[in-house]
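Notes for the one structure printed next.
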Amino acid sequence: MTVSVQDYKAMVGSELGVSRWFEVDQKRIDTFAECTEDFQFIHVDAERAADTPFGGTIAHGFLTLSLLSAMAYELFPKLEGAKMGVNYGMNKLRFLAPVRSGKRVRGRMKLLDVTERNPGVLQSTYEVVVEIEGEDKPALLAEWVGLAYV
Numbered sequence: 002m003t004v005s006v007q008d009y010k011a012m013v014g015s016e017l018g019v020s021r022w023f024e025v026d027q028k029r030i031d032t033f034a035e036c037t038e039d040f041q042f043i044h045v046d047a048e049r050a051a052d053t054p055f056g057g058t059i060a061h062g063f064l065t066l067s068l069l070s071a072m073a074y075e076l077f078p079k080l081e082g083a084k085m086g087v088n089y090g091m092n093k094l095r096f097l098a099p100v101r102s103g104k105r106v107r108g109r110m111k112l113l114d115v116t117e118r119n120p121g122v123l124q125s126t127y128e129v130v131v132e133i134e135g136e137d138k139p140a141l142l143a144e145w146v147g148l149a150y151v
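In this text, residue positions in the sequence shown follow our numbering: the first is 2, and each later residue adds one.
This is the structure in structure tokens:
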């Protein structure tokens with residue numbers, strides 16, 4: 002969906018939607034471990050992880066966080082005249098529940114604020130919740146900031 006800057010600003014306070022489900026299987030976890038060189042056993046050693054409170058391997062928190070980009074492609078509206086958008090970081094981020102290997106997650110995003118930082122640069126702040134299928138507690142809660150160059 003493409004919207005004008007004016008219509009985008011009018012969306013402040015609105016939920017942008019809910020993404021599709023993303024499977025977080027052991028292959029994805031192992032691939033992430035290779036990319037980041039984070040081989041902590043709770044992520045990659047099913048036998049040892051079985052003896053933890055998690056009962057098996059879990060995704061890296063940063064793996065779950067990294068899926069926000071794919072979720073955002075589905076949910077964030079495109080701004081008319083936008084040349085590019087960039088990740089500006091997080092104001093807040095909490096990992097609330099582990100994502101066990103084999104589970105699916107999805108993102109729920111809300112537009113909290115839009116401000117013009119400089120002429121042609123919009124700063125957007127989003128509330129992001131990553132839900133775990135079949136669980137009450139979300140995997141993470143974040144306040145994400147992005148810049149759009151229009």
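Idealized CB from N, CA, C, for every residue including glycine.
Tell me whether the beta-carbon of Leu80 lies closer than 7 Å to the beta-carbon of Tyr150.
-> no
Tell whether a beta-carbon distance below 7 Å holds between Ile30 and Ser102.
-> yes
Do the segment 3–23 and the segment 31–40 touch if we need at least three Cβ pairs shorter than 8 Å?
-> no
Three CB pairs or more closer than 8 Å across the segment 82–95 and the segment 44–57 | no
Count the CB pairs spanning the segment 111–125 and the segment 43–50 that are closer than 8 Å, and state whether there are at least three.
-> no
Counting only runs that start and end within the segment 91–133, where is the beta strand (DSSP E) found for 3 or more residues in a row?
-> 104–119, 122–133
Going by DSSP, name the residue or residues bridged to Thr3.
-> Lys79
What three-state label does DSSP hand Glu24 in the structure shown?
-> strand
Classification of Glu132 by the beta-carbon crowding that lies within 10 angstroms, buried from 16 upward | buried
Measuring alpha carbon to alpha carbon, tell me which of Glu136, Val87, Val129 ends up nearest Leu148.
-> Val87
Nearest to Met12 (by Cα), restricted to the options Phe40, Leu76, Thr65, Leu64 | Leu76
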